[in-house]
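What follows is one structure encoded as structure tokens, with my remarks underneath.
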């Protein structure tokens with residue numbers, strides 16, 4: 001058996017996927033149960049968003065986060081919880097005046113974007129580095145906003161998972177680590193295939209990996225049909241992997257994934273076929289330098 005690869009499962013996300021695949025969880029109970037099932041299937045980390053119970057779209061309601069996290073913690077299943085802080089950066093310009101926000105915009109103060117993290121103190125939370133076009137809207141994360149969030153996350157004792165969608169995001173992260181805003185050496189997630197960031201290719205993943213600070217732990221994922229190929233590629237390049245219904249709603253071409261657990265099970269198969277093992281939550285904590293949740 002080779003090294004132990006950590007599997008993270010991104011359970012639900014906030015995109016309009018609930019109408020496309022009924023397995024995408026919406027309520028705190030559904031999200032928690034799906035996360036627990038993913039952990040039982042081999043995921044050491046579960047990455048969590050919550051959804052508006054009426055629209056099934058993006059939500060930042062701390063009560064929904066609290067219920068979801070409490071359900072997972074009370075389940076008796078050991079798993080590392082990773083809460084998103086990505087919500088609150090979406091900007092869609094008005095058709096009449098691009099200086100004014102249009103329908104679908106969700107911009108919030110940095111402190112509001114991390115209040116559930118400060119309250120619930122998960123072991124990990126995501127931290128998006130940089131602004132970008134994402135499909136037809138813009139994600140806004142100014143350097144000042146990111147520093148504010150990073151320092152509060154650091155002071156709360158939570159480890160940020162630095163999500164980089166392009167090269168400039170990674171270079172900014174290196175500077176923030178150098179300045180002490182993020183503890184060295186950093187934990188990174190290489191996000192590939194998202195329009196219009198780095199593509200989900202071998203060359204892009206290797207290029208991003210080679211720019212990482214020495215000694216940093218890293219994960220990578222590809223969206224949609226690139227999810228499982230990028231699992232294999234991350235394993236071969238020495239990284240950890242992420243799968244889940246946030247990034248991909250299919251198990252195979254034309255076959256909807258019946259659950260997050262099914263995607264995790266497929267990742268386990270790929271990892272083991274490549275001669276590596278799957279890390280337990282305890283082994284993942286040791287690799288990532290974590291010290292257990294609240």
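In this note's numbering, the protein residues as written are 1 to 294. All C-beta atoms in this analysis are idealised placements derived from N, C-alpha and C, irrespective of residue type, glycine included.
Could you pull the DSSP bridge partners for residue i from this structure?
| i | result |
| --- | --- |
| residue 161 | 126, 187 |
| residue 58 | 51 |
| residue 253 | Residue 253 pairs with nothing; no bridge assigned. |
| residue 242 | 8 |
| residue 207 | Its beta-bridge partners do not exist; DSSP assigns none. |
| residue 295 | Residue coverage of the chain in this structure runs from 1 to 294, which leaves residue 295 outside it and unanswerable. |
Take residue i as the anchor and find which of the options has the nearest alpha-carbon.
| i | options | result |
| --- | --- | --- |
| residue 155 | 223, 102, 117, 162 | 117 |
| residue 257 | 48, 288, 200, 23 | 23 |
| residue 289 | 161, 203, 112, 88 | 161 |
| residue 283 | 60, 45, 96 | 45 |
| residue 93 | 149, 59, 140, 179 | 140 |
| residue 129 | 103, 120, 87, 59 | 87 |
| residue 29 | 38, 64, 42, 56 | 64 |
| residue 76 | 138, 84, 263, 33 | 33 |
| residue 111 | 81, 144, 187 | 144 |
| residue 85 | 248, 225, 176, 14 | 14 |
| residue 183 | 152, 268, 142, 106 | 152 |
| residue 150 | 138, 174, 7 | 174 |
| residue 280 | 12, 39, 35, 26 | 39 |
| residue 226 | 209, 210, 267, 126 | 267 |
| residue 172 | 259, 146, 209, 196 | 146 |
Can you look up residue i in the DSSP assignment and give me helix, strand or coil?
| i | result |
| --- | --- |
| residue 274 | coil |
| residue 226 | helix |
| residue 89 | strand |
| residue 266 | helix |
| residue 5 | strand |
| residue 132 | strand |
| residue 69 | helix |
| residue 199 | coil |
| residue 237 | coil |
| residue 44 | coil |
| residue 192 | strand |
| residue 26 | coil |
| residue 138 | strand |
| residue 212 | coil |
| residue 173 | helix |
| residue 32 | helix |
| residue 101 | strand |
| residue 279 | coil |
Rounding to the nearest angstrom, what Cα-Cα distance links residue i and residue j in this structure?
| i | j | result |
| --- | --- | --- |
| residue 219 | residue 167 | 15 Å |
| residue 239 | residue 134 | 25 Å |
| residue 157 | residue 96 | 44 Å |
| residue 271 | residue 98 | 47 Å |
| residue 198 | residue 229 | 15 Å |
| residue 72 | residue 4 | 24 Å |
| residue 296 | residue 120 | Residue numbering for the chain in the displayed model covers 1 to 294; residue 296 lies beyond these limits and cannot be assessed. |
| residue 115 | residue 62 | 8 Å |
| residue 142 | residue 207 | 24 Å |
Given the structure, does residue i come close to the ligand NAD, in the sense that its CB is under 6 Å from one of the ligand's heavy atoms?
| i | result |
| --- | --- |
| residue 31 | No copy of the ligand NAD appears in this structure; indeed no ligand is present at all. |
Looking at C-beta atoms only, is the number of pairs between the stretch 201-217 and the stretch 241-253 that lie closer than 8 Å three or more?
-> no
If you pair each beta-carbon of the stretch 191-209 with each one of the stretch 218-236, do three or more pairs fall below 8 Å?
-> yes
How do the stretch 40-54 and the stretch 17-32 stand: do at least 3 beta-carbon pairs fall below 8 Å, yes or no?
-> The stretch 40-54 makes contact with the stretch 17-32; the number of CB pairs closer than 8 Å reaches 3 or more.
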